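Residue numbers (my numbering): 99 to 250.
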């Protein structure tokens, strides 16, 4: 196992960093791949290139599991809530917001990303609080539709 770590860890870490959102997630993937290898005695008997392929496949499958769990968690979250955006990348947040009307985008950004209440948003924009809530509701419906279609 020590030999496998010496032979494969640097390349596996570089590969994982290219796929992961950050270095910490990449390090977790590498660690979990080696833990999986410990549980499978056949991996130790492989030649180093085959070990690396096996470790990459184990890390990739773990990353897929992580992304699926994040997606499921997002799907169960109320659309438009701050936590809805927590697991999204900047690109995904931008895509979600781009699918909204400008007035909806403004109140969602202020609410979900800025943490403001509907009353605070109303005061900041100089509009009635019920208008803010109507826009938020319309935005939630639109985001739900975009998510259902797979656009976000």
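Beta carbons are placed, not taken as given, at the ideal position from N, Cα and C, and that holds for glycine.
No experiment lies behind these values; they were computed from the predicted model shown.
### Query
Going by Cα to Cα distance, which pick from 226, 106, 114 and 220 is closest to residue 158?
Taking the first residue of the chain shown as position 1, residue 158 is located at position 60. It is 114.
### Query
residue 229 lies in the alpha helix (DSSP H); which residues open and close that run?
By 1-based counting over the chain shown, the position of residue 229 is 131. Per DSSP, residue 229 belongs to the alpha helix (DSSP H) from 227-247.
### Task
Could you tell me the boundaries of the alpha helix (DSSP H) in which residue 125 lies?
Translated into the one-based positions of the chain shown, residue 125 becomes position 27. That run of the alpha helix (DSSP H) goes 121-137.
### Query
For residue 231, which residues of its own chain have a beta-carbon under 6 Å away from its beta-carbon, when the five flanking residues on both sides are left out?
Position 133 of the chain shown, counted from the start, is the residue given in the question as residue 231. Contacts found: 216.
### Query
Per DSSP, what kind of secondary structure is residue 102 in: helix, strand or coil?
Here residue 102 corresponds to residue number 4 of the chain shown, with the count starting at 1. Correct three-state label for residue 102: helix.
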